[in-house]
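To start, the structure under review is shown below, and the notes come after it.
Numbering (UniProt numbering), first residue to last: 1 to 387.
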């Protein structure tokens, strides 16, 4: 029933407790609320920086600081190794708990592993016959069927300290002595333990991933509950690239030693990109400007001049200007670029034109000026794209 205490974002219960269900991408949702528990569902899908205000878990956990019994719960299907927020959150805890069960035949405890062809444990099956799947005990090679497992005496054991618990309420040291609950723990569990999925289905899903990197990635993330590690040479998608972005406190990162720029000429605009260069040809995109207007209009060109002469600051306040600019003459009257080269410096603003010839050097700056008095340089576009 529609009521102010029962909305999509807020539920108020008869005992006075309230439940807020808010989106994790808007910074405003992390403000003006004091709660006892902050829960992050699918943390790996959260933005790393919430509208430039910081980490979602840091922002959210500020809401529980006033609680007598504060609790922060973070759950998620993992994503890409090294950039995954749930992986990062899990690594912050000193205790990594895995769910151990006893072998019904030899009685040894172990946590379930998927394994592979080379491991003497894990899920095994006859080729092309998922229904034959069984689990091979890592201690004594016992053959375990799914229906034989008994979870009544199973327990979570920390792989770092040996600390364990069965219910999350009572905690014990590796020697069996009762201890106080830890401040922070990480739990890992995957589909093999689920009462709603069979091992047969897991094998079927695995076989479907053969030859398909996208499906294999989904299987590793959602079935095994593990982060995906891209292989060398694997093309990252846009989402992965976004997760790998770095944040700098100034326009120019500390390792930048030199600034260059390239200007693309169009009839209705100029597009300029400024790049910073460091040791080992490491590069950073510093700025991108689009100057709209007729290419031959002086007002437009004056705005291009401003972009060329713009200075960029380091964290310590030191300023850098663009040392060298390549300006494409293609598609417009080249004398426009020639005149700007003379205005800003023949060696600072260099007119260029593309030459789509295989094997041609990236840039072959002439020793002498051309008849227009500038150093018109040909760029081997095919070679540049290969690099």
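The beta carbon of each residue, even a glycine, is placed where N, CA and C say it ideally should be. This one's a predicted model, so the numbers in the text were calculated from it and none came from an experiment.
Within the DSSP secondary-structure output, residue 126 pairs in a beta bridge with 129. Annotation: residue 193 to residue 177 spans about 28 Å, alpha carbon to alpha carbon. Of the residues assessed, residue 333 falls on the exposed side of the cut-off, its CB having fewer than 16 other CB atoms within 10 angstroms. The beta carbon of residue 227 sits closer than 6 Å to those of 78, 81, 84, 87, all from its chain and outside the five residues before and after it, given in chain order. Here the C-alpha atom of residue 58 lies approximately 41 Å from the C-alpha atom of residue 200. Per DSSP, reduced to three states, the secondary structure at residue 203 is helical. Looking at the DSSP output, residue 156 shares a beta bridge with 99, 165.
The beta carbon of residue 247 lies closer than 7 Å to those of 49 in the same chain, with the five residues before and after it left out.
Less than 8 Å separates the beta-carbon of residue 312 from that of residue 252. Residue 346 sits in coil when the DSSP states are folded into three classes, being neither helix nor strand.
In this structure, residue 104 lies away from residue 41, with their beta-carbon atoms at least 8 Å apart. The stretch 94–104 makes no contact with the stretch 59–71; the number of CB pairs closer than 8 Å stays below 3. DSSP, read as helix, strand or coil, puts residue 260 in strand. Under the criterion of beta carbons closer than 8 Å, residue 269 and residue 293 qualify as touching, at roughly 7 Å. DSSP, read as helix, strand or coil, puts residue 27 in helix. Shown here, residue 220 sits in a helix according to DSSP, grouped into three states.
The three-state secondary structure of residue 178, taken from DSSP, is strand.
Per DSSP, the unbroken beta strand (DSSP E) holding residue 38 starts and ends at 37–41. Across the structure, residue 319 and residue 343 are spaced so that their CA atoms are roughly 22 Å apart.
Per DSSP, the beta-bridge partners of residue 187 are 97.
Rounded to the nearest whole angstrom, the C-alpha separation of residue 134 and residue 208 is 19 Å.
Cβ neighbours of residue 188 within its own chain (closer than 6 Å, five residues either side excluded): 98. Residue 169 and residue 9 have their C-alpha atoms roughly 30 Å apart. In the DSSP annotation of this structure, the continuous segment of the beta strand (DSSP E) that includes residue 110 starts and ends at 109–111. Taking the CA atoms as reference points, residue 221 sits about 14 Å from residue 212. In the DSSP assignment, residue 292 is bridged to 269.
Here residue 143 is exposed. Its C-beta has fewer than 16 other C-beta atoms within 10 Å. Within the model, the alpha-carbon separation for residue 372 versus residue 271 is close to 24 Å.
Excluding five sequence positions before and after residue 154, the CB atoms of its chain that fall closer than 8 Å to its own CB belong to 99, 100, 101, 102, 166, given in chain order. Here residue 250 carries a coil assignment [DSSP, helix/strand/coil].
Our two residues, residue 71 and residue 38, have alpha carbons roughly 6 Å apart in a direct line. Between residue 259 and residue 321, the beta carbon gap of about 7 Å places them in contact (Cβ cut-off 8 Å).
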